[in-house]
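Engineer: FYI, the numbering for the sequence shown is 25 to 464, going by the working numbering.
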Amino acid sequence: MRSVLGALFLTLGVLPAISLGSVGDSNPKIPFYGYGAIVANPSSPIAGQATTVTVTVQNDGTSKALDVAVTLSFNDWGASFFGWQEIGTQVVDVEGGGEVTLSFTHVFLNRAHTCLEAKITDWNAAAGNTATNDDRGQINLEVLQCDGDCGFSVPIMNGGEKEIVVDNLQILCRRERKEGDPVVCNGLDDDCDGICDGLDNDCDGIADLEECPKELQAAVVIPGRDKPVDKEFPLVINGSTEVVAEMVMAGVEKPMDVVVQASSNGEVNHVVVQVIPTSINTLLNGPMFCCIKDIRTRVALEGLLASALEAYEEGQADAANEDLSLVVEILRLFVQEADALACESSETELSCIEKAILKVVDAIRIIARKNVLQGKESKIATGDQFRRAGEYGAACTSYAQGFDQQRISHNHGSAKKRIRQNAVAACGLGTEHLQAEYRL
Numbered sequence: 025m026r027s028v029l030g031a032l033f034l035t036l037g038v039l040p041a042i043s044l045g046s047v048g049d050s051n052p053k054i055p056f057y058g059y060g061a062i063v064a065n066p067s068s069p070i071a072g073q074a075t076t077v078t079v080t081v082q083n084d085g086t087s088k089a090l091d092v093a094v095t096l097s098f099n100d101w102g103a104s105f106f107g108w109q110e111i112g113t114q115v116v117d118v119e120g121g122g123e124v125t126l127s128f129t130h131v132f133l134n135r136a137h138t139c140l141e142a143k144i145t146d147w148n149a150a151a152g153n154t155a156t157n158d159d160r161g162q163i164n165l166e167v168l169q170c171d172g173d174c175g176f177s178v179p180i181m182n183g184g185e186k187e188i189v190v191d192n193l194q195i196l197c198r199r200e201r202k203e204g205d206p207v208v209c210n211g212l213d214d215d216c217d218g219i220c221d222g223l224d225n226d227c228d229g230i231a232d233l234e235e236c237p238k239e240l241q242a243a244v245v246i247p248g249r250d251k252p253v254d255k256e257f258p259l260v261i262n263g264s265t266e267v268v269a270e271m272v273m274a275g276v277e278k279p280m281d282v283v284v285q286a287s288s289n290g291e292v293n294h295v296v297v298q299v300i301p302t303s304i305n306t307l308l309n310g311p312m313f314c315c316i317k318d319i320r321t322r323v324a325l326e327g328l329l330a331s332a333l334e335a336y337e338e339g340q341a342d343a344a345n346e347d348l349s350l351v352v353e354i355l356r357l358f359v360q361e362a363d364a365l366a367c368e369s370s371e372t373e374l375s376c377i378e379k380a381i382l383k384v385v386d387a388i389r390i391i392a393r394k395n396v397l398q399g400k401e402s403k404i405a406t407g408d409q410f411r412r413a414g415e416y417g418a419a420c421t422s423y424a425q426g427f428d429q430q431r432i433s434h435n436h437g438s439a440k441k442r443i444r445q446n447a448v449a450a451c452g453l454g455t456e457h458l459q460a461e462y463r464l
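1) Return the CA-CA distance between GLU401 and ASN51, expressed in angstroms with no decimal places.
2) Output needed for LYS369: all residues of its chain with C-beta closer than 7 Å, excluding positions within five of it in sequence on either side, in chain order.
3) Between the region 107-115 and the region 151-164, do three or more beta carbon pairs fall short of 8 Å?
4) What does the Cβ neighbour count give for ALA155, buried or exposed, with the cut at 16 atoms within 10 Å?
5) Can you give, in chain order, each stretch of the beta strand (DSSP E) that sits fully within the region 109-165 and has at least 3 residues?
6) Would the beta-carbon of ILE354 fall within 9 Å of that of GLN169?
7) In three-state terms, what does DSSP make of LEU328?
8) Count the other CB atoms, across all protein chains shown, that sit within 10 Å of the CB of ASP191; report buried if there are 16 or more and exposed otherwise.
9) According to DSSP, is VAL268 helix, strand or coil?
10) Tell me whether GLU234 sits in a helix, a strand or coil according to DSSP, three-state version.
11) Mind checking MET312: buried by the 16 CB within 10 Å criterion, or exposed?
12) Tell me which residues share the same chain as GLU185 and place their Cβ nearer than 7 Å to its Cβ, disregarding the 5 neighbours each side in the sequence.
13) In the DSSP assignment, what residue or residues form a beta bridge with VAL384?
14) Among all the DSSP beta bridges, which residues are the ones paired with ARG198?
15) From the DSSP output, which residues share a beta bridge with ASN293?
16) May I ask you to report which of helix, strand or coil DSSP gives ILE304?
17) Just checking my contact of VAL359 with CYS314 at CB under 8 Å: how many whole Å lie between their CB atoms?
18) My assumption, with CB atoms under 8 Å, is that ALA332 sits in contact with LEU308. Please give the rounded CB distance.
Here it is in structure tokens:
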């Protein structure tokens, strides 16, 4: 599941204990890294439209698991702070060595990154549940486009009233498939290549993770602390508060999955960050608008990106002019105009536009992070929160506030003129409106 980052730590209920009278050897389970076992369709739920979520419950035991209650919940962190909200519960029997897939339907109300959790909450005591530590699965995925050295704010959230105590935190990387790894074909590996969805190379339901390469230099730090957070335990977070940590990465040269995993109050939570190396030029050259039927709209949006790319390249070529504020203003204009078009777009066009917006937001983020002013680092973290919530215009504003926006070079007069012309063509806006609204 993509974009955008769920609350990492939540106050969760305790799983029921095994009855002392249990005699069966059934073991109903849901893999903790639930990719493949928990599947949302569409993979990124659209606010106001029905989403189907399937949950596959396996039974590793030999006897039949009876009356297995499976509860599906969600947390749309970034739009609300209600913690896990229940979608529904279904009860099912699972044959020994078999699996059963359940289907849930839900209409999400907020446009936000959504974490989905499936948990076995009850079962027939006589049939047994031999291992309760594999009764909960969670999916969430944040895609981070990075130009080699980058960082991302990680929310450590306590949505309850009581304090939580974080006693362990790790940054792990997905282990690459190695020669000799078994090829296992099951419901999680449809193409029989031995690689399941998510983080499980050998499809055994256990994430294949290892310490990140030393050259990656991955760490999580909290502003104001001298050491990385994984060196300071316990970390106590009071009720209804959060700590925004920074995941810092350097030396990213190829796509990789990075997992921030923590245990708190007896439960484990995680967030997966899919890091994709890129550059400003790649991001601005990447969006394609062939899916947009109206040619004037398509040309206008592409014209804005062309203006931004030209301004960026001019700034890069001229060592005396390192001011990138004009580039950011052009890109902010693109996000605002593209977002405004969404209400009149088809579902296919909407998906195309949103992908383009996210590329542009990430381009602004890279520029802002590399040119952040001292004391303005919190603006980047705030922008990340808006980005997770799908509030892309607010994210751009926050990123822009992280570095000097007062100096706009006079060397880009022709670019400014094209911006106004392109915006007029796209939205019918007058020059006076553009000057007032976008300060160009």
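Where is the CB? At the ideal position from N, CA and C, for every residue including glycine.
Structural biologist: Concretely, from the data shown:
1) Distance between the alpha carbons of GLU401 and ASN51: 48 Å.
2) Note that residue 369 is Ser in the sequence shown here, rather than Lys. So the qualifying residues of the chain are ILE377.
3) Using a Cβ-Cβ distance cut-off of 8 Å, the region 107-115 and the region 151-164 are not in contact, since fewer than three pairs of beta carbons, one from each stretch, lie closer than that value.
4) The residue is exposed, with fewer than 16 neighbouring Cβ atoms inside 10 Å.
5) For the region 109-165, whole beta strand (DSSP E) runs of length 3 or above, ordered along the chain, are 109-118, 123-131, 139-146, 160-163.
6) No, the Cβ-Cβ distance between ILE354 and GLN169 is not below 9 Å.
7) Three-state result, LEU328: helix.
8) Looking at its Cβ environment, which holds fewer than 16 other Cβ atoms inside 10 Å, ASP191 is exposed.
9) In the structure shown, the three-state DSSP call for VAL268 is strand.
10) In the structure shown, GLU234 sits in a strand (DSSP, three-state: E or B).
11) Result: exposed.
12) GLY263, SER264.
13) Answer by DSSP bridge pairing: none, since VAL384 is not bridged.
14) Per DSSP, LEU233.
15) Residue pairing by DSSP places ASN293 opposite ALA286 in a beta bridge.
16) DSSP places ILE304 within a helical segment (H, G or I) once states are collapsed to three.
17) Actually they are not in contact, since the Cβ atoms of VAL359 and CYS314 sit about 20 Å apart, beyond 8 Å.
18) Yes, they are in contact, since the Cβ atoms of ALA332 and LEU308 sit about 6 Å apart, within 8 Å.
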